[in-house]
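**Student:** When the letters of the sequence shown are read in order and numbered with the numbering used here, they come out as residues -2 to 200.
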Amino acid sequence: MNLLYPSCGDTTSCTDYSSQCPDWASGGQCESKYDKHYVPFDLKPIAFLLGRWRSEFGGKARFPTIPNFTYGEQLDFKLSDTPLFGMPSMNYSAFAWGINNKESLHSEYGFFTVKNHTNTIGLTTVMSNGFTSVEEGQVSGNKIVLKLVDIGRISWSRDLPVLDMIREITLIDPTTLEQRLQMETLTHKMQDHTFIRYKKVFP
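1) Thinking just about the alpha-carbon of each residue, which of THR191, VAL198, PHE108 is nearest to the one in ALA93?
2) Can you list, in chain order, the residues of its chain whose CB lies under 6 Å from that of ASN88, leaving out five sequence neighbours each side?
3) Alpha carbon to alpha carbon, how far is ILE163 from ASN139? Give it in angstroms, no decimals.
4) Around the Cβ of GLY134, are there at least 16 other Cβ atoms within 10 angstroms (buried) or fewer (exposed)?
5) Out of curiosity, what's the CA-to-CA distance linking ASN126 and PRO171?
6) Return the CA-CA distance between MET180 and TYR35, expressed in angstroms with no decimal places.
7) Could you name each continuous beta strand (DSSP E) segment of 3 residues or more that falls completely within the stretch 23 to 81, going from the start of the chain to the end?
8) SER101: which of SER130, VAL146, GLU53 sits nearest, CA to CA?
9) Can you list, in chain order, the residues of its chain whose CB lies under 7 Å from that of THR67, leaving out five sequence neighbours each side?
10) By alpha-carbon positions, which one of LEU120, GLU175, ASP161 ends up nearest to MET187?
11) Ignore the nearest five residues each way along the sequence and tell me which others in ILE166's own chain have a CB closer than 6 Å to its CB.
12) Counting only the same chain and skipping the five closest in sequence on each side, list residues whose C-beta sits under 6 Å from that of LEU178.
13) In whole angstroms, what separates the C-alpha of GLY107 from that of PRO80?
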């Protein structure tokens, strides 16, 4: 619970009992899940991710099995509720759209965790195409490099089995985030798959 603003139970709006909640919300004081002051110690190496990042049409995707295309995407990183037991984590969500009529292309949801007192990080993700993945890697300064550890897929997925994947996330400056993804499938060796640069839109 937020002891300074105890009635603000939700991080996106103040809907509890205090008459001061609208004032706190308008001042951004209920957005503790995006506030670096509330980051647990173990998550501090990735605190720079916190916030909402968006690129309207800056994404580039390519792979031998698909036509090249441009896309938009929004990422959201916010603190999870502090668990009574277990590791603290950071919620992660992403959704991508086509640039012509903004049709949905892909979405994924997951959690970032950091190994206690280290710069070793993990990302577990579930995706709209029927895949789940576990990635592990290192954070150094403002750059994260993750490598695929395990992947699962539903039996009727139409996508090619992914054998390996490398994800790089880099903070270019306080309002610019960059992500690059390389992928290896059953039929094609490791190569660039997507690249996108986002601007911070919240907070």
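Every residue, glycine too, gets a C-beta built ideally from N, C-alpha and C.
**Tutor:** Walking through what the data contain:
1) The residue with the shortest Cα to Cα distance from ALA93 is THR191.
2) Within the same chain, Cβ atoms closer than 6 Å to the Cβ of ASN88 are found at LYS75, SER77, the five residues on either side in sequence being excluded.
3) Here the alpha carbon of ASN139 sits roughly 17 Å from the alpha carbon of ILE163.
4) Flag for GLY134 reads buried.
5) Straight across, the Cα-Cα distance linking ASN126 with PRO171 is about 32 Å.
6) So the two alpha carbons sit approximately 35 Å from each other.
7) Along the stretch 23 to 81, the beta strand (DSSP E) occurs as fully enclosed runs of 3 or more residues at 48 to 60, 63 to 76, listed in sequence order.
8) Of all alpha-carbon atoms in SER130, VAL146, GLU53, the one lying nearest the alpha-carbon of SER101 is that of GLU53.
9) Around THR67: PHE54, GLY56, LYS57, ILE96.
10) MET187 has its Cα closest to that of ASP161, out of LEU120, GLU175, ASP161.
11) ILE141, GLN176.
12) Once the five neighbours on either side are set aside, the close Cβ partners of LEU178 are ARG164, HIS190, THR191.
13) Taking the Cα positions, GLY107 is about 16 Å away from PRO80.
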